[in-house]
Structure formats: C-alpha cells, structure tokens
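In the working numbering, the protein residues as written are 14 to 117.
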C-alpha cells in the first residue's frame, strides 16, 4: 500500500499546475447512479472550497507533494485503520480516466 497523506497536505496533480490541498480521504463519488471512491478529495490551495468545487484523485495522480499535513498519534491510528479496512470497501476504486468515460 502506498503512503496515506494526511489532511492538509498540499500536492500538485500530474498534468496540473495548481496546488491542491487534501480535505478528505477515501471519499465516495457518485455520478449517473454509480458510486465509487477515490483515495482523496481536495480543494485549490490557497483558495479553499469555493462554489462547491472539490477535486477527486488517487495516489497515482499525484505529481509532487509540496507539504505534508499534521501527523500526531491520532493521525497514525487513523492511518492504521485505513490500511486495515481498505480491502473491505465494497465500492469500486474509481480512477480519473474511468470517471471521464462515465461522464462522456
């Protein structure tokens, strides 16, 4: 399993120029009666969430990590739970390419 980035981490996506701050991990994504999940959702940094603009992406979509969010004992416990539970998620793990095909 790849590293799980904490909330507040700031990244750049592949083929992207804007910085994105992670605001959720393993969020559900619904489109046209299909529900799946991504590794993360985020907002543009430093603007934050505006007009309900949220971006969904996976570890593989990350080009660069500019800043790693706060990590304490609670974060470490949460990451342990994520690693233990990830294989039990019943929804499909979406990719950006897959969702783009759904939206066409």
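Quick reminder that beta carbons are idealized off the backbone N, C-alpha and C, glycines included.
Only a predicted model underlies this, so the values are computations on that prediction, with no experimental measurement involved.
Cβ pair residue 81, residue 40 closer than 8 Å: no
Separation of residue 37 from residue 103, as counted between CA atoms: 18 Å
For residue 29 and residue 78, the rounded distance between their alpha carbons: 13 Å
Straight-line Cα distance separating residue 66 from residue 14: Its pLDDT being 49, under 50, residue 14 is placed unreliably in this model, and the value from its coordinates should be taken loosely. Distance between the alpha carbons of residue 14 and residue 66: 28 Å.
Closest residue to residue 31 among 56, 95, 69 (Cα-Cα distance): 56
Alpha-carbon spacing of residue 98 relative to residue 91, whole angstroms: 10 Å
In DSSP terms, what residue 89 is bridged to: DSSP output for residue 89 lists no bridge partner at all.
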